[in-house]
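Letter by letter, the sequence shown follows residues 5 to 327 of this note's numbering. Please read the structure below before turning to the comments.
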Amino acid sequence: MEVGARVFKHGRGLGIVALDNEDGTWNVEFDDDGAEGDFRAEDLVLVNSLSWAPAGVVPYPWSQEKAEGHIRFVCFSDTHGMHDLIPREHRPPADVLLHAGDFTNTGEPEQVKSFGEWLSAYPAQEKIVIAGNHDITFHEQYYKTRGAARFHRGGAYDCHKARSSLTGCTYLEDSSVDVLGYKVYGSPWQPDFCDWAFNLPRGQEIRKKWEAIPDDTDILLVHGPPAGHGDRCRHGRVGCQDLLEVVQSRAISVVVAGHLHEDHGCTTDEVTLFVNASTCTSEYNPTHRPIVFDLPRREQLRPVTEAAALHREAQAPRKGKSP
């Protein structure tokens, strides 16, 4: 072990050794949020010794070069119509841009159009977008039954026109797309939340949506986070347990969500990288930095993700049996 080494800490993620404490421990600064901690050398794994490590989060200011053959992703969410106010230094170039919903305040077509123009100008080859609970004109049934009366009393918008205003991207809604070789699935649903768009009750009804996620998905784009990963708010942890269980029944390399502005950042269960990419803070300032990560090509990524998922399954306690 030496200062400057790239390491992996189980249950915490990737980081860099910043200091030899000269007491048998090493200080590690983690990639996802700059937090640090002191650990014994035997509790750290050198990255070049790993048979598998989560997707590589690229630390700010994102000057780290991609490894040969890797693809760079930049993640945003919850921009709430304020995409043009995102600081210029928070718009790093990438191969693929992912946006996990809430790109408007309440589905206003003029904000949708402006967002599409922002996407078109963004320095990324591919842009993949889903809706969130605030994008109410994208959920026509909700909008026509109660959303318009609640939020647009001065006059309802045409949902079809609102959707057609979104340009400059691939829009996913319970659907998949191949992006530079990766299988990306996107879905806007989340557990019931203050009677907004794309809400479903926890349990069987929302689980049906998650069961539709294809087994060969590499990157999952959802608005609400799974339980235990990027799901903290002032009410505690509110992520979707059904979503977590479905994700952990598959070999998914990355899950990108938003929705809960308070828990921006990354976590991992050592199979999947979980991203909460909320751009807006709790005060609705669009100043959270985007999350940037690199992936190896799918032909390299898929086998190691599947192997890690099999290892997780083998280590899980068997239902109905004593430990």
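Note that CB positions come from ideal geometry on N, CA and C, so glycine has one too.
Per the C-alpha coordinates, the member of TYR175, PRO230, HIS143, CYS237 positioned closest to ASN203 is HIS143. Take ARG76, set aside five residues on each side of it, and the residues of its chain with a beta-carbon closer than 6 angstroms to its own are LYS70, ALA98, ASP99, ASP298, in chain order.
With fewer than three CB-CB distances shorter than 8 angstroms, the stretch 253-267 does not count as touching the stretch 164-184. Under the 8 angstroms Cβ criterion, the stretch 280-290 does not count as touching the stretch 309-323, having fewer than three qualifying pairs. Per DSSP, reduced to three states, the secondary structure at VAL226 is strand. In this structure the stretch 168-180 does not touch the stretch 231-243; the number of beta carbon pairs closer than 8 angstroms is below three. When the alpha-carbon of ARG154 is set against those of CYS198, LEU305, GLY185, the nearest one is in CYS198. The three-state secondary structure of GLU130, taken from DSSP, is strand.
Following the DSSP letters along the chain, one finds ILE75 inside the beta strand (DSSP E) bounded by residues 75-80. Looking from the CA of THR276, the closest CA among LEU18, GLU6, ALA9 belongs to LEU18. The criterion of a C-beta distance shorter than 9 angstroms is satisfied by GLY136 and ASP82. Fewer than three Cβ pairs drawn from the stretch 216-223 and the stretch 108-128 lie within less than 8 angstroms of each other, which leaves the two stretches out of contact.
SER191 has VAL226 as its beta-bridge partners, per DSSP.
Short of 7 angstroms from the beta carbon of LEU89, and not among the five residues preceding or following it, lie these beta carbons of its own chain, in chain order: PRO290.
For THR149, the three-state secondary structure derived from DSSP is helix. Taking each of ILE132, GLU114, THR108 in turn and checking the Cα distance to HIS138, the smallest one comes out for THR108. Between LEU248 and VAL188, the C-beta gap is not smaller than 9 angstroms, which leaves the two residues out of contact. Looking at the backbone, the Cα of GLY185 and that of GLU26 are separated by about 46 angstroms. When the Cα atoms are used, TRP30 and GLU6 turn out to be separated by approximately 9 angstroms. Of the other Cβ atoms in all chains shown, 16 or more fall within 10 Å of the Cβ of SER282; this residue is therefore buried.
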